[in-house]
Amino acid sequence: MGKKKKKFYVVWKGHTPGVYDNWADCQQQTTGFSGPEFKSFESEAQAKEAYGGDYSNYVSKGSGKKKAPQHTNSELERLGVIMESLAVDAACSGNPGPVEFQGVDTETGAQIFHYGPYDDGTVNLGEFVALVLGLKILKEKGKDWPVYTDSRTAMAWVRDKKMKTKLTRTRRNKKIFAFCDKALEWLRDNDYSTKILKWKTEEWGEIPADFGRK
2 MGKKKKKFYV VWKGHTPGVY DNWADCQQQT TGFSGPEFKS FESEAQAKEA YGGDYSNYVS
62 KGSGKKKAPQ HTNSELERLG VIMESLAVDA ACSGNPGPVE FQGVDTETGA QIFHYGPYDD
122 GTVNLGEFVA LVLGLKILKE KGKDWPVYTD SRTAMAWVRD KKMKTKLTRT RRNKKIFAFC
182 DKALEWLRDN DYSTKILKWK TEEWGEIPAD FGRK
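The end of the sequence shown is residue 215 by our numbering, with every number in the run present.
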């Protein structure tokens with residue numbers, strides 16, 4: 002029999018969050034903890050990348066978590082959603098894998114922009130670029146709409162004007178990194194008044210820009 006492939010474990014919520022290289026240590030951090038959030042990955046690089054992101058970006062709907070509700074526009078308004086807004090999101094098949102990102106009109110669902118898929122990206126990179134593109138487009142159009150994202154990681158990277166990705170640059174992922182570099186350059190060179198708002202998936206359902214592949 003072949004040697005069992007080593008896995009790495011990310012603990013987002015547990016006694017001591019972090020990246021662990023064996024199940025026993027992961028289990029020690031999650032056993033007895035109320036509502037632990039953890040997942041296994043095939044490589045240390047993938048695990049470190051995931052640890053810098055949100056648990057919700059890496060767990061599928063079929064994992065046993067309660068499915069997010071879906072609402073009509075009028076219901077969303079009653080729940081506090083600003084319908085005159087831009088919603089952005091990204092999707093990635095694997096980690097890394099082909100990544101694409103888009104922005105849509107929150108109220109109508111009309112696509113404002115869409116790019117990709119690009120090889121060997123991550124959902125965090127896609128979410129980040131989508132958010133910056135949203136800021137750029139709204140500024141160019143002179144719209145005072147807010148922009149919604151369901152990624153706290155993207156919000157933090159935009160706020161800090163710095164990406165905290167562990168993904169290594171290669172010839173295969175040069176296109177997505179080119180977008181990232183342009184996004185960082187735009188953030189350094191531009192001021193904006195656009196409000197960046199967190200989309201509350203658990204209350205509002207999937208963000209309108211979601212690709213529907215979870």
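Heads up, the beta-carbon is just placed ideally off N, CA and C, and yes, glycines get one too.
Alpha-carbon spacing of residue i relative to residue j, whole angstroms
i, j, result
"W205", "T32", "30 Å"
"F114", "K8", "37 Å"
"T202", "G54", "16 Å"
"P18", "V12", "5 Å"
"D145", "Q71", "26 Å"
"G63", "E38", "Any reading at G63 needs caution, since the residue's pLDDT is 39, under 50, leaving its predicted position unreliable; the model's value is listed next. Going by the C-alpha atoms only, they are around 15 Å apart."
"Q30", "S57", "19 Å"
"C27", "M156", "28 Å"
"K140", "P118", "25 Å"
"R173", "Q103", "21 Å"
"K14", "G95", "22 Å"
Three-way DSSP call (helix, strand, coil) for residue i in this model
i, result
"K176", "helix"
"V11", "strand"
"I208", "coil"
"Y57", "It is worth fixing the name first, because residue 57 is Ser in this sequence and not Tyr. In this structure, S57 counts as helix in the three-state DSSP scheme."
"G98", "strand"
"Y149", "strand"
"Q47", "helix"
"K165", "coil"
"F129", "helix"
"L198", "strand"
"K62", "Confidence is the limiting factor: at K62 the pLDDT is only 41, short of 50, which leaves the residue's position unreliable and the question unanswerable from this model."
"Y116", "strand"
"D22", "coil"
"G135", "helix"
"K140", "helix"
"D192", "coil"
Sheet register partners of residue i (DSSP bridge)
i, result
"V89", "G104"
"E38", "K14"
"G229", "What is shown of the chain runs 2 to 215, which leaves residue 229 out entirely."
Which listed residue (the options) has its alpha carbon closest to that of residue i
i, options, result
"L87", "G54, D151, L80", "D151"
"E186", "F102, E141, P97, V159", "V159"
"L126", "T73, I177, C27, V82", "I177"
"D120", "L132, D22, P97", "P97"
"K163", "E45, I208, T154, T171", "T154"
"V124", "F180, A92, K142, Y116", "A92"
"L168", "F34, Y52, Y10, Q30", "Y52"
"V82", "G213, V100, E207", "E207"
"V133", "R172, V148, K199, K142", "V148"
"A131", "M84, D90, D190, E85", "D90"
"W24", "Y116, K40, F212", "K40"
"Y193", "G135, R170, K199, H16", "G135"
"H16", "S35, Y10, D22", "S35"
Beta-carbon separation (whole angstroms), residue i vs residue j, contact threshold 8 Å
i, j, result
"E43", "T166", "Not confirmed; about 17 Å, so no contact."
"A46", "V20", "Rounded, the Cβ-Cβ distance is 10 Å, inconsistent with contact."
"A210", "V100", "Not really, about 14 Å apart at Cβ, beyond 8 Å."
"E108", "N74", "6 Å"
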